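What follows is a short report on a single structure.
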Amino acid sequence: MIFDTHIHLNDEKLIENLDQEISEAREVGVSKFLCVGFDIESSKKAVQIADKYDCVFAAVGIIPTEHEQYDANTINEIRKIALSSKKVKAIGEIGLDYYWEKDDETKTIQKEMFLKQIDLANELNLPISIHARDSLSDILEILKKHPVKQAGIMHCYSGSTELAKEFVKLGYKIAFGGVLTFKNSKKTKEVFKDIGLENAVFETDAPYLSPEPNRGKINLPKYIADTVKFAANTYSFDLNELEKITFENSLNILHVEKNEK
Ligand SMILES: [Zn+2]
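First residue of the sequence shown: 488, per my numbering; consecutive thereafter.
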């Protein structure tokens with residue numbers, strides 16, 4: 488059993504064909520998904536999809552790169568969406584993105600968005616799903632100063648093992664997706680090897696970051712099985728054991744019951 492802890496079934500590339508995509512993923516062992524919002528509209532869609540499919544749960548929030556959409560009412564809207572369904576299990580994806588945004592003014596807005604959504608997660612007692620690009624040290628500093636009670640998941644983690652251990656100390660799980668299978672992903676492979684299975688979860692980030700052998704194509708929900716198999720083969724884990732441990736980790740961090748619908 489596999490839990491895809493970060494997927495955008497709400498993305499226009501996937502949303503038209505959900506019945507088929509979800510059933511194909513279920514055939515290869517994916518039994519739960521966290522459909523993650525990145526702005527107000529996609530968060531609403533994530534909840535609609537979660538309410539329609541038993542196996543789908545939702546995260547709602549606004550991604551740092553969408554800072555132009557952020558205004559005085561944004562947090563209220565996210566709160567309303569979060570409270571509209573018991574299938575909302577996290578606030579996300581939220582964080583800091585300095586890859587696209589390098590000026591100080593934008594960084595300040597991103598930090599405010601991140602902090603306000605951390606407050607919201609604590610108010611609703613939910614974990615968070617973190618988006619970080621070139622910003623891990625600032626994120627760590629913020630999480631130390633403003634702890635999230637239920638911690639969360641470091642989505643698409645791209646930092647060092649040393650830094651990953653700092654997030655683990657704060658209660659976070661490290662998510663591994665298609666990048667793990669890429670030839671040039673030395674750092675990600677090291678983190679996976681060193682972090683300990685008890686701290687790892689899997690994700691697709693579909694429709695982005697498709698794993699080998701479909702790198703460069705649209706990532707489909709079923710391709711997560713390729714990432715999990717790659718991890719089992721490369722690090723000599725028993726596939727069932729690997730799935731079982733990371734599935735349990737996902738249930739625990741997202742507070743989802745095994746039979747919850
Ligand atoms: Zn994402």
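Yeah, the Cβ is synthetic: ideal placement off N, Cα and C, and Gly gets one too.
Because the structure is a prediction, the values reported are computed rather than measured.
Quick one: is the Cβ of residue i within less than 7 Å of any heavy atom of ligand 1?
| i | result |
| --- | --- |
| Asp584 | no |
| Asp526 | no |
| Asp491 | no |
| Glu553 | no |
| Val688 | no |
| Val543 | no |
| Val523 | yes |
| His495 | yes |
| Glu744 | no |
| Glu499 | no |
| His633 | no |
| Asp692 | yes |
| Glu730 | no |
| Glu653 | no |
| Glu580 | yes |
By the DSSP assignment, the alpha helix (DSSP H) with residue i in it spans what residues?
| i | result |
| --- | --- |
| Leu501 | 499-502 |
| Asn720 | 711-721 |
| Ser737 | 726-741 |
| Lys567 | 561-570 |
| Thr648 | 648-656 |
| Thr593 | 591-611 |
| Thr675 | 673-682 |
| Asp506 | 505-514 |
| Glu747 | No alpha helix (DSSP H) holds Glu747; DSSP gives it neither H nor E. |
With 16 as the cutoff for other CB atoms within 10 Å, does residue i come out buried or exposed?
| i | result |
| --- | --- |
| Gln604 | buried |
| Gly582 | buried |
| Leu496 | buried |
| Ala559 | exposed |
| Thr668 | buried |
| His633 | exposed |
| Thr567 | Here residue 567 turns out to be Lys, not Thr, going by the sequence shown. The residue is exposed, with fewer than 16 neighbouring Cβ atoms inside 10 Å. |
| Lys519 | buried |
| Glu580 | buried |
| Leu570 | exposed |
| Lys631 | exposed |
| Asn612 | exposed |
| Pro700 | exposed |
| Thr721 | exposed |
| Gln637 | buried |
What are the boundary residues of the beta strand (DSSP E) that includes residue i?
| i | result |
| --- | --- |
| Arg702 | Per DSSP, Arg702 belongs to no beta strand (DSSP E) and is neither H nor E. |
| Phe544 | 543-547 |
| Glu580 | 575-584 |
| Thr492 | 489-494 |
| Ile550 | Run containing Ile550: none; DSSP gives neither H nor E here. |
| Phe663 | 660-663 |
| Ser616 | 615-620 |
| Val523 | 517-523 |
| Ala687 | 687-689 |
| Gly639 | 639-641 |
For residue i, which residues in the same chain have their Cβ closer than 6 Å to its Cβ, ignoring the five residues on either side in sequence?
| i | result |
| --- | --- |
| Ala608 | Ile578, Ile615, Val635 |
| Ile527 | Glu564 |
Short of 7 Å in beta carbon distance, which residues of its chain neighbour residue i, apart from the five on each side in sequence? Order them along the chain.
| i | result |
| --- | --- |
| Asp625 | Leu583 |
| Ser672 | Val666 |
| Asp681 | Thr648 |
Tell me which residues share the same chain as residue i and place their Cβ nearer than 8 Å to its Cβ, disregarding the 5 neighbours each side in the sequence.
| i | result |
| --- | --- |
| Leu729 | Leu684, Val715, Ala718, Ala719 |
| Asp621 | Asp584, Tyr585, Tyr586 |
Consider the Cβ of residue i: report whether some Cβ of chain C lies at a distance smaller than 8 Å.
| i | result |
| --- | --- |
| Glu699 | In the displayed structure, chain C is absent; only one protein chain is listed. |
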